[in-house]
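Student: Mapped onto numbering that gives the first Met the number 0, the consecutive letters of the sequence shown carry residue numbers 0 to 129. Using N, Cα and C, we set each Cβ at its ideal position, and we do this for glycine too.
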Amino acid sequence: MSNAAAQMTAAYFDSKDFKYDLTGDNQDRIITGMGLENKDGIKFLIAFDDSETSVAIREFDIAKFPQDKMPEMFVLVNMLNSKFRWIKFVVDPEDCTISAEDDDVIQHLSDSNLPDNRSVRHWRADRCTS
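#1: Quick check on the burial criterion: 16 or more other C-beta atoms within 10 angstroms. Buried or exposed for V74?
#2: Which word fits A4, buried or exposed, when buried means at least 16 other C-beta atoms lie within 10 angstroms of its C-beta?
#3: Can you look up T52 in the DSSP assignment and give me helix, strand or coil?
#4: Please state the DSSP three-state secondary structure of D13.
#5: Which residues share a DSSP beta bridge with L35?
#6: Could you give the residue range of the beta strand (DSSP E) that holds S98?
#7: How many whole angstroms separate the CB atoms of I30 and T8, which I take to be in contact at a CB cut-off of 8 Å?
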């Protein structure tokens, strides 16, 4: 059985001619990426849970740095994590890279039905935005 939230996101990507691979036993994971001017690109994994109520987004190798810059990268990542509420930046000391993690709740309500004071960021699978 395929994951409806992943299918809806894939359909949106199709409508925008966005390249991706739909994978996983239940077709519940999307692997995609984007190119950058000064880097080969960033790989994204978008993983939907079986209940279709949450999604985990992982961005790999946002930055690569020399081994001797490791202490500065930990300071940088700690500063970024204190400034950004929803994204967690992570240093991989083995690969000398920085990645990011984001976990969201999928909501199936219209914007008018959402409470004014949201404490959780909502993944809009129909728009692929939050």
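Tutor: Taking the geometry as given:
#1: Exposed, since its Cβ has fewer than 16 Cβ neighbours within 10 Å.
#2: So A4 counts as buried.
#3: Note: T52 maps to coil in three-state DSSP.
#4: If DSSP states are grouped into helix, strand and coil, D13 belongs with the helices.
#5: Looking at the DSSP assignment, L35 forms a beta bridge with K38.
#6: It spans T96 to I105 - the beta strand (DSSP E) in which S98 sits, taken as one unbroken run.
#7: Rounded, the Cβ-Cβ distance is 12 Å, inconsistent with contact.
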